[in-house]
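Visitor: By the UniProt record's numbering, the letter at position 339 of the sequence shown is numbered 346, and the numbering carries on one by one without gaps. We treat Cβ as the ideally placed atom computed from N, Cα and C, and that holds for glycine. Could you have a look at this structure, given as structure tokens, before my questions?
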Amino acid sequence: VWDNCLSFIKDNITPQAYKTWFEPIKAVKLTDNALSIQVPSKFFYEWLEEHYVKLLKVALNKVLGENAKLVYVIKMENTYGNNQPFTERIPSANRSTMKSQEVDAPLKNKNPELKNPFVIPGIRNLQIESQLNPNYNFENFLEGDSNRLARSAGMAVANKPGGTSFNPLLIFGGVGLGKTHLAHAIGVQIKDKYPAKTVLYISAEKFTQQYIESVKKNNRNDFIHFYQVIDVLIVDDIQLLSGKAGTQDVFFHIFNHLHQNGKQVILTSDKAPVDMQDIEQRLLSRFKWGLSAELQHPSFETRIAIIKQKLYQDGVEMPEEIVEFLANNIKTNVRELEGAIISLIAHSSFNKKEITLDLAKKIVDNYVKHTKREVSIDYIQKIVSDYFQMDVETLQSKTRKRHIVQARQLAMFFAKKLTKASLASIGSQIGQRDHATVLHACKTVDNLASTDKQFRKYVEDLGKKLSV
Ligand code: ADP
Ligand code: MG
8 VWDNCLSFIK DNITPQAYKT WFEPIKAVKL TDNALSIQVP SKFFYEWLEE HYVKLLKVAL
68 NKVLGENAKL VYVIKMENTY GNNQPFTERI PSANRSTMKS QEVDAPLKNK NPELKNPFVI
128 PGIRNLQIES QLNPNYNFEN FLEGDSNRLA RSAGMAVANK PGGTSFNPLL IFGGVGLGKT
188 HLAHAIGVQI KDKYPAKTVL YISAEKFTQQ YIESVKKNNR NDFIHFYQVI DVLIVDDIQL
248 LSGKAGTQDV FFHIFNHLHQ NGKQVILTSD KAPVDMQDIE QRLLSRFKWG LSAELQHPSF
308 ETRIAIIKQK LYQDGVEMPE EIVEFLANNI KTNVRELEGA IISLIAHSSF NKKEITLDLA
368 KKIVDNYVKH TKREVSIDYI QKIVSDYFQM DVETLQSKTR KRHIVQARQL AMFFAKKLTK
428 ASLASIGSQI GQRDHATVLH ACKTVDNLAS TDKQFRKYVE DLGKKLSV
């Protein structure tokens, strides 16, 4: 169909114009009398609408008949130059099933100077692919104490986007606890209930890339406009905006525009707003306008339910004792829990072995860090002094040289954090200091970590090295 339209168009415009404006278009879908075409950008769409709308209408009516409809789909990846496929975990098969909205009216005859049978379309339709993963929905997001608030707030938002006081809705919590899943579920439900609404899911990382690209290509305004036409904007992992002043600034404007117009914003973050570093105050204060809901570690019962659902989905059976073993041993990350189940199933089917407790133990060992080895204060001093390339004696010495003092304070800080030793005992083990010195060190480290970037990096690096 599109090819027929194209050959008609080709005959009616200059080759140059054809090459520029029509060759890049891809036909993506034909249902009944509606043809969806994919255009590379919003700008492209606007240009077509402004300059070629009549021609398009004529061509379409000629090929598809009087009731022809045209639906534009804006190809987002290319709009702002990000050519990566948007999906990491979204199987490509789902992409084509992403729902498109069909709310356009039949083409109407509005242009008297064109004679029948050419009828002119009246309403055109702008589409943005929502990038939602239909596999992440409310039905398979199991409820438990750990997620009840966030889940029901999400439901409320999904049923009345922009119409609750949960705007923005900020979902926060640790890695693998279901933030992305819940964010998609809200979007999926909104598309279900309100197919005409433009919903967009985007990771903060991709948002940042698009923004940078738009600045490079000198179309920052296009970028902003693109986001301002959205009804429901879902930005995943906004903590990744930290330290990116330009992106924060543009996000601030988009946020304000959407919020003022009663549009819904849904955000996720791995930290509570109070703990977000390097995010502008004005943005943080916006984040707090609505509701911040935490996803916590799921309880034992919820973990069992999640495992069983996963097994059920994969059509696998597993002895109860192994289900419980998994639930007992992987507590803080649902993604790891799922990973363990998947490798368990894979191992047993590759090796044609039954799923046994022994196999489960081996696999869980790959997921759970061994915490048996107690971190000792000596060990901490060794790691810290290695990190700063000094020896333990230097670290313990009486010198007031700044970098040595800092190393010493860090050692005290981690000793307090990672061992059960008292302040006095930490003090005596790290160069004969009293408990007040240790307390002071802990406070100093806390302060510096929140004000000094370099120092925070020390804390993070050492934290990683010391987590056994
Ligand atoms: P996050 O974005 O917080 O790191 P994800 O949303 O990616 O976590 O979740 C990790 C995995 O755990 C996903 O496969 C998700 O489906 C699953 N998951 C998390 N919470 C639940 C839940 N309550 N019910 C079912 N599956 C869950
Ligand atoms: Mg996530």
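Rounded to the nearest angstrom, how far is the Cβ of Q255 from that of I286, given a contact under 8 angstroms?
Guide: Against the sequence shown, residue 255 aligns to sequence position 248. Against the sequence shown, residue 286 aligns to sequence position 279. Going by Cβ atoms, the distance from Q255 to I286 rounds to 7 angstroms, so yes, they are a contact pair.
Visitor: Which two residues bound the contiguous alpha helix (DSSP H) that contains K221?
Guide: For the purposes of this step, residue 221 is taken as residue 214 along the sequence shown, with counting starting at 1. Going by the sequence as given, residue 221 is Ser instead of Lys. Note, S221: alpha helix (DSSP H), 211-223.
Visitor: Does at least one heavy atom of the ligand MG sit under 6 angstroms from the Cβ of T187?
Guide: By 1-based counting over the sequence shown, the position of residue 187 is 180. Yes, Cβ of T187 sits closer than 6 angstroms to a heavy atom of the ligand MG.
Visitor: Along the chain, where does the alpha helix (DSSP H) containing V323 start, and where does it finish?
Guide: Here residue 323 is taken as the residue at index 316 of the sequence shown, counted from 1. Note, V323: premise wrong, no alpha helix (DSSP H); not H, not E.
Visitor: In angstroms with no decimal places, state the Cα-to-Cα distance between D152 and V323.
Guide: By 1-based counting over the sequence shown, the position of residue 152 is 145. By 1-based counting over the sequence shown, the position of residue 323 is 316. Distance between the alpha carbons of D152 and V323: 27 angstroms.
Visitor: Excluding the 5 residues preceding and the 5 following L62 in the sequence, name in chain order all residues of the same chain whose CB lies nearer than 8 angstroms to its CB.
Guide: Looking up residue 62 in the sequence shown gives position 55. Excluding residues within five positions, the ones whose Cβ falls inside 8 angstroms are I16, N19, I20.
Visitor: To the nearest angstrom, how far is the alpha carbon of L71 from that of N40?
Guide: Numbered from its first residue, the sequence shown carries residue 71 at position 64. Numbered from its first residue, the sequence shown carries residue 40 at position 33. Those two C-alpha atoms are separated by around 6 angstroms.
Visitor: Just verifying my parser: in three-state terms, what is the DSSP assignment at K423?
Guide: Within the sequence shown, residue 423 is the residue found at index 416, counting from 1. Helix, per DSSP.
Visitor: Rounded to whole angstroms, what is the Cα-Cα separation between S457 and V391?
Guide: Along the sequence shown, one-based indexing puts residue 457 at 450. Along the sequence shown, one-based indexing puts residue 391 at 384. Their Cα atoms are separated by approximately 20 angstroms.
Visitor: Is R342 a contact residue of the ligand ADP, with contact defined as CB to any heavy atom under 6 angstroms?
Guide: The residue given as residue 342 occupies position 335 in the sequence shown. Yes.
Visitor: If you reduce the DSSP assignment to three classes, tell me which class K36 lands in.
Guide: In the sequence shown, the residue the question calls residue 36 occupies position 29. Three-state DSSP puts K36 in a strand.
Visitor: Just to confirm before moving on: does the CB-CB distance between G180 and L302 stay below 7 angstroms?
Guide: Residue mapping note: residue 180 aligns to position 173 of the sequence shown, counting from 1. Residue mapping note: residue 302 aligns to position 295 of the sequence shown, counting from 1. The answer is yes: Cβ separation under 7 angstroms.
Visitor: Between the C-alpha atoms of H304 and S474, what's the straight-line distance to the nearest angstrom?
Guide: Looking up residue 304 in the sequence shown gives position 297. Looking up residue 474 in the sequence shown gives position 467. The alpha-carbon atoms of H304 and S474 are separated by roughly 19 angstroms.
Visitor: Closest Cβ-Cβ distance between V445 and chain C: below 7 angstroms?
Guide: No chain C appears in this structure, which consists of one protein chain only.
Visitor: On the criterion of 16 or more Cβ atoms from any shown chain inside 10 Å, does L364 qualify as buried, or is it exposed?
Guide: Position 357 of the sequence shown, counting from 1, holds the residue named residue 364. Exposed: under 16 other Cβ atoms inside 10 Å.
Visitor: Skipping 5 residues on each side, what residues in its chain have a beta carbon closer than 8 angstroms to that of residue 1?
Guide: An answer regarding residue 1 cannot be provided, because it is not within the stretch 8 to 475 covered by the chain.
Visitor: Whole beta strand (DSSP E) runs in the UniProt domain "AAA+ ATPase" (172-308) with 3 or more residues, listed along the chain?
Guide: Runs found: 176-180, 206-210, 239-243, 271-276, 298-302.
Visitor: Please name the residue, chosen from H447, H442, A414, that lies closest to L469 on a Cα-to-Cα basis.
Guide: In the sequence shown, counting from the first residue as 1, residue 469 sits at position 462. Selected option, being the one with the closest Cα: A414.
Visitor: A431 by DSSP, collapsed to three states: which one?
Guide: On the sequence shown, residue 431 is found 424 positions in, with the first residue counted as 1. Helix at A431.
Visitor: When we look at the beta-carbon of V281 and count the other beta-carbons within 10 Å, is it buried (16 or more) or exposed?
Guide: Reading the sequence shown from its first residue, position 274 is the one you call residue 281. V281 is exposed by the Cβ-count criterion.
Visitor: With distances taken from CA atoms, which of R155, V330, P326, M325 is nearest R310?
Guide: Locating residue 310 in the sequence shown gives position 303, where the first residue counts as 1. The shortest Cα separation from R310 among R155, V330, P326, M325 belongs to V330.
Visitor: What's the C-alpha gap between T426 and K389?
Guide: Against the sequence shown, residue 426 aligns to sequence position 419. Against the sequence shown, residue 389 aligns to sequence position 382. T426 and K389: Cα-Cα distance of roughly 15 angstroms.
Visitor: Opposite S355 in the DSSP bridges: which residues?
Guide: For the purposes of this step, residue 355 is taken as the residue at position 348 of the sequence shown. Answer by DSSP bridge pairing: none, since S355 is not bridged.
Visitor: Specify the secondary structure class of S474 as computed by DSSP and reduced to three states.
Guide: Counted from its first residue, the sequence shown places residue 474 at position 467. Looking at S474 - three-state DSSP - the assignment turns out to be coil, as it is neither helix nor strand.
Visitor: Please classify K115 as buried or exposed, where buried requires at least 16 other C-beta atoms within 10 Å of its C-beta.
Guide: Start at 1 with the first residue of the sequence shown, and residue 115 comes out as number 108. Confidence at K115 is low in this model, with a pLDDT of 35, below 50, so its placement is unreliable and the value that follows should be read with caution. It is exposed - the Cβ of K115 has fewer than 16 other Cβ atoms within 10 Å.
Visitor: Just to confirm, is the Cβ distance from K186 to I197 under 7 angstroms?
Guide: The count along the sequence shown starts at 1 and reaches residue 186 at position 179. The count along the sequence shown starts at 1 and reaches residue 197 at position 190. It is not a contact, given that the beta carbons lie outside the stated cut-off.
Visitor: What's the call for N358, buried or exposed, on a 16-neighbour Cβ count within 10 Å?
Guide: In the sequence shown, counting from the first residue as 1, residue 358 sits at position 351. By the 10 Å Cβ count, N358 comes out exposed.
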